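Colleague:
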Amino acid sequence: MQESFAVKVEKDYENKGFKDMAGIDVRVKLIITFTVSIAAVILSSIYAQIVLFGFSLIYALNMRKPKVMALTYLFIMLIFFTALCSLFIINMFTNFMEGRSYFALTVPFMRMVTMINVLLPLAFTTNMQSILTALKSFRLPLFIYLPVAVMIRFIPAFINDIKQIIESLATRGIDVSFKSFFTHPIRMGRFLFMPLLFRSLRASEELGIAAELKGIGLNSKVRPYKSLKFTLNDLFILIFFAFIITAAFVVQYNIEVPESLRSLHR
């Protein structure tokens, strides 16, 4: 697993599908991720959330990682189903929902999916050094940009850990499939989630050690590995997303949600 903050992943960028997304300035990706996430939290209308979700999904699909997208959405659906089951069990003992529909969880989960849609391209089409350089260019203090960089770098490392654990289980003759999770949930949880937990803890330690060995935060005048270039294409993308966010707010305050969907308006 590559935890170094100076890892260069040019081979990944040479693959088909990474050229367009990798060509976008890192600062643009960071601004899009931050502003869209803030807008998703503020907006409560189901229609406004659909606007943000739709365009964020198109943005995420441009990185052309169908397996990553499929696994991510499958995981989100699993969390959504677990939340519904948990609420159902709670309502068996208390009136927690107070007569509201279980689909009131739709907007909160759409917020989460929208944030993931804009975060994945940043994590999978940008190397760590570029992210650090971009965050430093915003004049952010170390205690802000370092945790942000670690969290972004942790996403591809986490997915790589999952692949390695599944491959190691396959070499031992253990069937890792959806059927196995339903027939032997405790055993599969022990085989998959326990190694993943310990690998994640080790990865966080290695990320911190790598940052310290690279001298991050010790010298603010270090010359960046690669200079950032802002192009007209980046400006067009920023204007486009500014228009989308504005349109979502217009939808929020000008289109009334029907009575049948009021339970989703949270």
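The opening residue of the sequence shown carries number 23 in the working numbering; numbering runs sequentially from there.
Glycine included, each C-beta is placed from N, C-alpha and C at the ideal position.
What you are looking at is a predicted structure, and each value in this text was computed from that prediction instead of being measured.
Tell me the DSSP secondary structure of Thr136 in three-state form.
Modeller: helix
Colleague: Starting from Thr155, follow the alpha helix (DSSP H) in both directions and report where the run begins and ends.
Modeller: Met150 to Ser159
Colleague: If you count every other CB in all the chains shown that lies within 10 Å of the CB of Asn255, and 16 or more means buried, which is it?
Modeller: exposed
Colleague: So, at 8 Å on beta carbons, what are the nonlocal neighbours of Ile98 in its own chain, with the 5 sequence-adjacent residues on each side left out?
Modeller: Phe131, Met134, Val135 and Ile138
Colleague: Are at least three pairs of beta-carbons, each pair with one atom in the segment 213-230 and one in the segment 265-273, less than 8 Å apart?
Modeller: no
Colleague: According to DSSP, is Val198 part of a helix, a strand, or is it coil?
Modeller: Of the three classes helix, strand and coil, the one that applies to Val198 here is coil, per DSSP.
Colleague: Going by Cα to Cα distance, which pick from Ser222, Pro163 and Leu257 is closest to Val48?
Modeller: Among Ser222, Pro163 and Leu257, the Cα nearest to that of Val48 is on Leu257.
Colleague: If we ignore side chains and look at the alpha-carbon of each, how far apart do Leu106 and Leu223 end up?
Modeller: Approximately 29 Å between the Cα atoms of the pair.
Colleague: In its own chain, which residues sit with a C-beta less than 7 Å from the C-beta of Val273, not counting the 5 before and 5 after it?
Modeller: Ser67, Tyr69, Ala70 and Val73
Colleague: Taking the C-alpha atoms as reference points, what is the distance between Phe77 and Ala192?
Modeller: 38 Å
Colleague: From the beta carbon of Val58, is the nearest beta carbon of chain D less than 9 Å away?
Modeller: Reference to chain D is not applicable here, since this structure consists of a single protein chain.
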